[in-house]
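Participant: Let me give you the structure first, and then I'll get to my questions.
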Amino acid sequence: LWAGVLQAVPGPWREPVIRLRDEVFGGVLGMLRAQLILICFTGCVTVLGLELLGVPYSWLLGIVAALLDLVPVIGPGGVVLPVALGYALRGNAVTALGAAALWLGLVLARQWLEPHLLGTQLGLHPLPTLMAVYAAVELTGAAGFILGPLALIVVKAFFAAAGWPSPRRR
Numbered sequence: 004l005w006a007g008v009l010q011a012v013p014g015p016w017r018e019p020v021i022r023l024r025d026e027v028f029g030g031v032l033g034m035l036r037a038q039l040i041l042i043c044f045t046g047c048v049t050v051l052g053l054e055l056l057g058v059p060y061s062w063l064l065g066i067v068a069a070l071l072d073l074v075p076v077i078g079p080g081g082v083v084l085p086v087a088l089g090y091a092l093r094g095n096a097v098t099a100l101g102a103a104a105l106w107l108g109l110v111l112a113r114q115w116l117e118p119h120l121l122g123t124q125l126g127l128h129p130l131p132t133l134m135a136v137y138a139a140v141e142l143t144g145a146a147g148f149i150l151g152p153l154a155l156i157v158v159k160a161f162f163a164a165a166g167w168p169s170p171r172r173r
């Protein structure tokens, strides 16, 4: 299929088209790698935090929190906050406050780590990455968490295919 695409493209355009494909593919892999790192971080911190609090089934809850980390609006709060609420309703304020603090720590760590990891994996400074995510979320809603970095990957790939110098992360 790719050979057919290259045959349809005029000769002088083949090298930029190949570079565009490679840049987009590499960027998507970098984005997936960053998301996998964030999911593993969320799962590990959730398991550790719930284990320290003495919550039963902390491994299962940590895995579910890591999977829910893929859902932009719900995230690990879909697991940790009900745990905190359950302990608060049972009168165990220490565990409830600990679970709430765990959730707050996860949210803050994710807000700090995500632009840095995406920027590192995409080879861009975290500020444009964060701006792309914010703009995409404002335009498209929760889908912007995925669409923003993808749009940035495509823009960067077009710059690379055009032969413009790639912005380097400093």
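Start counting the sequence shown at 4; every next residue gets the next number (our numbering). For every residue, glycine included, the Cβ atom is placed at its ideal position computed from N, Cα and C. In this text, all values refer to a predicted model and were calculated from it rather than measured experimentally.
Go through the region 42 to 112 residue by residue and report every complete run of the alpha helix (DSSP H) that reaches 4 residues or more, in order.
Facilitator: DSSP runs (the alpha helix (DSSP H)) wholly in the region 42 to 112: 61 to 71, 80 to 92.
Participant: Assuming contact is defined by CB atoms lying nearer than 9 Å, are A184 and P19 in contact in what I supplied?
Facilitator: The structure shown does not extend to residue 184, since the chain spans only 4 to 173, so no value can be given for it.
Participant: Ignoring anything shorter than 3 residues, give me the beta strand (DSSP E) runs that lie fully in the region 4 to 34, in order along the chain.
Facilitator: List check, beta strand (DSSP E) in window: nothing returned.
Participant: What is the rounded straight-line gap between the Cα of G121 and the Cα of R36?
Facilitator: Translated into positions along the sequence shown, residue 121 becomes position 118. Translated into positions along the sequence shown, residue 36 becomes position 33. Note on identity: in this sequence residue 121 is Leu, with Gly being the wrong assignment. Approximately 9 Å, taken between the alpha carbons.
Participant: Look up W115 in the DSSP assignment and say whether it is helix, strand or coil.
Facilitator: Counting from 1 along the sequence shown, the entry for residue 115 is found at position 112. Helix at W115.
Participant: So V86 and L64 are in contact, right, with Cβ under 8 Å, and what is the actual spacing, rounded?
Facilitator: Here the question's residue 86 lines up with position 83 in the sequence shown. Here the question's residue 64 lines up with position 61 in the sequence shown. So it is a contact: roughly 7 Å between Cβ atoms.
Participant: How long is the line joining the alpha carbons of A6 and R22, rounded to whole angstroms?
Facilitator: Translated into positions along the sequence shown, residue 6 becomes position 3. Translated into positions along the sequence shown, residue 22 becomes position 19. Rounded to the nearest angstrom, the two C-alpha atoms are 15 Å apart.
Participant: Could you check how far apart the C-beta atoms of P75 and F148 are, in whole angstroms? I think they sit under 8 Å.
Facilitator: Numbered from its first residue, the sequence shown carries residue 75 at position 72. Numbered from its first residue, the sequence shown carries residue 148 at position 145. About 4 Å separates the two Cβ atoms, so the contact holds.
Participant: Shortest alpha-carbon distance to A68 belongs to which of T123, L32, C43?
Facilitator: Stepping through the sequence shown from its first residue, residue 68 is reached at position 65. Nearest C-alpha to A68: C43.
Participant: Determine the direct distance from the alpha carbon of L55 to that of M34, and round the result to whole angstroms.
Facilitator: On the sequence shown, residue 34 is found 31 positions in, with the first residue counted as 1. On the sequence shown, residue 55 is found 52 positions in, with the first residue counted as 1. Approximately 32 Å between the Cα atoms of the pair.
Participant: Can you name the start and end residues of the alpha helix (DSSP H) that G151 belongs to?
Facilitator: Residue numbering aside, residue 151 sits at position 148 when the sequence shown is read from its first letter. First-last of the alpha helix (DSSP H) with G151: 147 to 164.
Participant: Using DSSP with H/G/I as helix, E/B as strand and the rest coil, what is R172?
Facilitator: Counted from its first residue, the sequence shown places residue 172 at position 169. Only weak support is given to the placement of R172: the predicted model assigns it a pLDDT of 49, under 50, and the question is left unresolved by the model.
Participant: For L130, report the span of its alpha helix (DSSP H) as first-last.
Facilitator: For this step, residue 130 is matched to residue 127 along the sequence shown. Taken as a continuous stretch (DSSP letters only), the alpha helix (DSSP H) holding L130 covers 129 to 143.
Participant: Are there 16 or more other CB atoms within 10 angstroms of the CB of E26, so buried, or fewer, so exposed?
Facilitator: Taking the first residue of the sequence shown as 1, we reach residue 26 at position 23. Result: buried.
Participant: If you run the structure through DSSP and keep just helix, strand and coil, what is G122?
Facilitator: Counting from 1 along the sequence shown, the entry for residue 122 is found at position 119. Three-state DSSP puts G122 in a helix.
Participant: Kindly give me the distance between the Cβ atoms of L107 and P118, rounded to whole angstroms, as I take these residues to be in contact under 8 Å.
Facilitator: In the sequence shown, residue 107 corresponds to position 104, counting from 1. In the sequence shown, residue 118 corresponds to position 115, counting from 1. About 19 Å separates the two Cβ atoms, so there is no contact after all.
Participant: Closer than 6 Å by C-beta to G151: which residues in its own chain qualify, once you throw out the five before and the five after it? Chain order, please.
Facilitator: Sequence index remark: in the sequence shown, residue 151 carries index 148 (1-based). If we look at G151 and ignore the five residues flanking it on each side, its Cβ neighbours are A135, V136, A139.
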